[in-house]
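Notes for the one structure printed next.
Number of protein chains: 2
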Amino acid sequence: MDEMDDFRQKLRRELRTGLISILLMDVIDRAGDEGYGYAIIRRLEEYSDGVFRFKEGTIYPILHSLLRQGLVATEWRESPAGPARKCYRLTGLGKRALQAGLEEWGEMNAVAGKLLAKKGERK
Amino acid sequence: MDEMDDFRQKLRRELRTGLISILLMDVIDRAGDEGYGYAIIRRLEEYSDGVFRFKEGTIYPILHSLLRQGLVATEWRESPAGPARKCYRLTGLGKRALQAGLEEWGEMNAVAGKLLAKKGERK
DNA sequence: TATACATACATAGCCCCGCCATGTAGTTGG
DNA sequence: CCAACTACATGGCGGGGCTATGTATGTATA
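If you read the protein sequences in the order shown, they are chains A and B. For the first sequence, counting from 1, position 84 maps to 84 in the numbering used here; every step adds exactly one. For the second sequence, counting from 1, position 8 maps to 8 in the numbering used here; every step adds exactly one.
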């Protein structure tokens, strides 16, 4: 059964792949002035009840990638207590990309659900 | 707008990553004696209205991987018309893996949906 | 004032995985 | 006979996440 646990963890990692950038853009879009890397990681973990637990080494490079693609813009802000924060906000292009991402995710989900959720019909 | 099309396609490719092996195991589980690579590809495309359009170079290596992991077993069968077919069926381990996959997918979906589907609350 | 801890960002290098391109071969039909 | 379809196979590339590690600032505490 422990071998199946490893398998599950691998599945989970692979399933969330590709969803990450959409999640990041979504959190940034809602975060207002609190859209900086460290907080994003905490929020994702908190809001997902521990399902989306990302490491810094995963998130920061993706944020850089979003920046390079022009989907987000950054601005340094002082922290009330602690090091300065690099805050992100969606650009116009980023907002459209998030919209596209949500649509693609929805469609893929619908189709996959249609294919997979027919356990009853299985022989 | 064409640039956004490229973006969508990339998103779609990344989103379906990780879902592929689950889809394959699911199709194999339903296929009976028709669970061979070439047919699986056709079925996925047909049943998903073209959303899941995989190339042979994607599917065959994954089938080999499932075999190496002991999740499927193979058997050559004659075709009524055409080259012989390498038919796959789920092993006991494979059935448990599929079950695990469906559960993980369901949970991840539920959480992602909860996080993403609050467009109304967006300010 | 030293030490530990939390906050916050950054990146080199590795590994894994999907995909493109290409190859092989049997079977059917014109 | 050769084009088209069926069917399986794989080397190599590129891309993306993750591990491990590093840097730096602020806070607490002993």
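All C-beta atoms, glycine included, are put in the ideal place defined by N, C-alpha and C.
Look at A73 of chain B here: in three-state DSSP terms it is strand.
By the CB criterion at 8 angstroms, L71 of chain A and G94 of chain A fall inside the cutoff. Any Cβ of chain A closer than 8 angstroms to the Cβ of T74 of chain B would place that residue at the interface, and such an atom is absent. Ranked by how close their Cα comes to the Cα of G37 of chain B, the residues B:G113, B:W105 and B:T74 have B:T74 in first place.
Boundaries of the alpha helix (DSSP H) harbouring L44 of chain A: G37 to Y47, taken from the DSSP string. With a cutoff of 8 angstroms on beta-carbon distance, G35 of chain A and C87 of chain A are scored as near each other.
By the 16-neighbour rule on beta-carbons within 10 angstroms, M108 of chain A is buried. In terms of beta-carbon proximity, A39 of chain B stays away from the interface with chain A, with every pair separated by 8 angstroms or more.
Beta-bridge analysis with DSSP links K86 of chain B to B:W76. Within 10 angstroms of the beta-carbon of S65 of chain B lie fewer than 16 other beta-carbons, which makes it exposed.
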